[in-house]
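Engineer:
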Amino acid sequence: AAREADAPLTTQSRPWSEPARVLRRMEWLAGFFGVAGAAALLFGRGSPQGALVLTLAAAASIFAFRGLQGLVGQLAAGSPETRRPIDRRSRRLVWLRFSLLTLAPLISLWMDSERALGLVMGFSVIPLAAVAEGLLQLGFVLMGRREHGR
20 AAREADAPLT
30 TQSRPWSEPA
40 RVLRRMEWLA
50 GFFGVAGAAA
60 LLFGRGSPQG
70 ALVLTLAAAA
80 SIFAFRGLQG
90 LVGQLAAGSP
100 ETRRPIDRRS
110 RRLVWLRFSL
120 LTLAPLISLW
130 MDSERALGLV
140 MGFSVIPLAA
150 VAEGLLQLGF
160 VLMGRREHGR
């Protein structure tokens, strides 16, 4: 136990920072930000169209994020000798997901301001979730240092 207390704090030494948990937490945070944004547009600005567009954009953003997770997992799995090449289906899904993200700003040019605001807010849920996760990780590290007297 003494060695464990003397060990440097790393993200690998904490169960809350396991990559799968972090990614799952980011998905939940993104979903929360999507729901909160849709509620703000619906009740705060009285824009059901903006809330609907935000919800669809947030879902597309989370869908693209999950695809990126799968791609990175497939690329990083195993040693270079045992790693399988990316199959055709995965490549198509990656193109579809990133096409959604690329076309969104172009589509917003033809939307009214409320719908464009919903679109931008919806596609911002993943960056917001990444920032929130970073702040959570920083808080965990600072709390761990305080517990260990550093």
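For the sequence shown, this note's numbering begins at 20 and goes up steadily by one.
We treat Cβ as the ideally placed atom computed from N, Cα and C, and that holds for glycine.
These numbers come from a predicted model, not from an experiment.
Identify every run of the alpha helix (DSSP H) within the stretch 67-151, keeping only runs that are complete inside it and at least 4 residues long; order them along the chain.
Structural biologist: Correct list: 67-95, 107-127, 132-142.
Engineer: Just verifying my parser: in three-state terms, what is the DSSP assignment at arginine 64?
Structural biologist: Within the sequence shown, residue 64 is the residue found at index 45, counting from 1. If DSSP states are grouped into helix, strand and coil, arginine 64 belongs with coil.
Engineer: Terminal residues of the continuous alpha helix (DSSP H) containing alanine 55?
Structural biologist: Here the question's residue 55 lines up with position 36 in the sequence shown. Note, alanine 55: alpha helix (DSSP H), 38-58.
Engineer: Starting from the Cα of phenylalanine 142, find the closest Cα among Leu154, Val160, Arg165, Gly69 and give me that residue.
Structural biologist: Locating residue 142 in the sequence shown gives position 123, where the first residue counts as 1. Nearest of Leu154, Val160, Arg165, Gly69 to phenylalanine 142, Cα basis: Gly69.
Engineer: Can you round the beta-carbon distance between glycine 86 and valine 113 to whole angstroms, since I take them to be within the 8 Å contact cut?
Structural biologist: In the sequence shown, the residue the question calls residue 86 occupies position 67. In the sequence shown, the residue the question calls residue 113 occupies position 94. Contact flag correct, Cβ pair sits at about 6 Å.
Engineer: Taking glutamine 88 as the reference, which of Gly137, Leu42, Leu136 has the closest Cα?
Structural biologist: To locate residue 88, count along the sequence shown from 1; it is residue 69. Selected option, being the one with the closest Cα: Leu42.
Engineer: When the distance is taken between beta carbons, is alanine 76 closer than 8 Å to leucine 138?
Structural biologist: Your numbering for residue 138 matches position 119 in the sequence shown. Your numbering for residue 76 matches position 57 in the sequence shown. Going by C-beta atoms, leucine 138 is nearer than 8 Å to alanine 76.
Engineer: I think valine 144 touches phenylalanine 52, with their Cβ atoms under 8 Å apart; what is that distance to the nearest whole Å?
Structural biologist: Taking the first residue of the sequence shown as 1, we reach residue 144 at position 125. Taking the first residue of the sequence shown as 1, we reach residue 52 at position 33. Their Cβ separation, rounded to whole angstroms, is 4 Å, which keeps valine 144 and phenylalanine 52 in contact under 8 Å.
Engineer: Quick one: residues in its chain with C-beta nearer than 6 Å to the C-beta of arginine 134, no 5 flanking neighbours on either side, listed in chain order?
Structural biologist: As a working mapping, residue 134 is identified with position 115 in the sequence shown. Counting only Cβ-Cβ distances below 6 Å, and skipping sequence neighbours, we find Gln68, Gly69, Val72.
Engineer: Excluding five sequence neighbours on each side, which residues of the same chain lie with their C-beta closer than 6 Å to the C-beta of alanine 49?
Structural biologist: For the purposes of this step, residue 49 is taken as residue 30 along the sequence shown, with counting starting at 1. Excluding sequence neighbours, alanine 49 sits near Ile81, Val144, Ile145, Ala148.
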